[in-house]
Amino acid sequence: MSQVTEENIEKGKNRKDFEATIIAKAWKDEAYKQELLSNPKAVIEREFGVELPEELQVNIKVEDPNNLYFVLPTKPDFSKVELTDEQLEAAAGGTLSAVVGLFTVSTVFLHVH
């Protein structure tokens, strides 16, 4: 079972990695897909080994040739994230990764001259 752990975060796994795991399982196993569609929150809690807040809603949309879905994530609040010297150095170099909620968020800073 894939779980969101410090070890996985250190290995560079992020939200997209966990989404890819769930998508691959849903494509491979029709029963898993149906469970994911009917009770996505329970599947995600079990898959990641976490308990999601009761008020959090989890929605699954299935794309087809006539519908394409684009998810605009919530903007991370970096004001509460304390950076290590290594992270500060990386940010100065153009990238920053921080753990926000369940997943690692990577931000790329573009320098415009």
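Our numbering numbers the first residue of the sequence shown as 84 and each following residue consecutively. By construction, the Cβ of each residue, glycine as well, lies at the ideal position given by its N, Cα and C atoms.
Worksheet entry | Span of the alpha helix (DSSP H), counted from its first residue to its last, around Q140 | Neither: Q140 is in no alpha helix (DSSP H) and is coded neither H nor E.
Item to complete: Could you work out which residue in I143, E102 and W110 is closest to S121 when comparing CA atoms only?
Response: Here the closest residue by C-alpha is I143.
Item to complete: From the DSSP output, in three-state form, read off D147 for me.
Response: The three-state secondary structure of D147, taken from DSSP, is strand.
Worksheet item: In whole angstroms, what separates the C-alpha of P159 from that of N97?
Response: Those two C-alpha atoms are separated by around 14 Å.
Practice prompt. Measure the Cβ-Cβ separation of E130 and I106 and say whether it is below 8 Å.
Written response: Not closer than 8 Å, so no.
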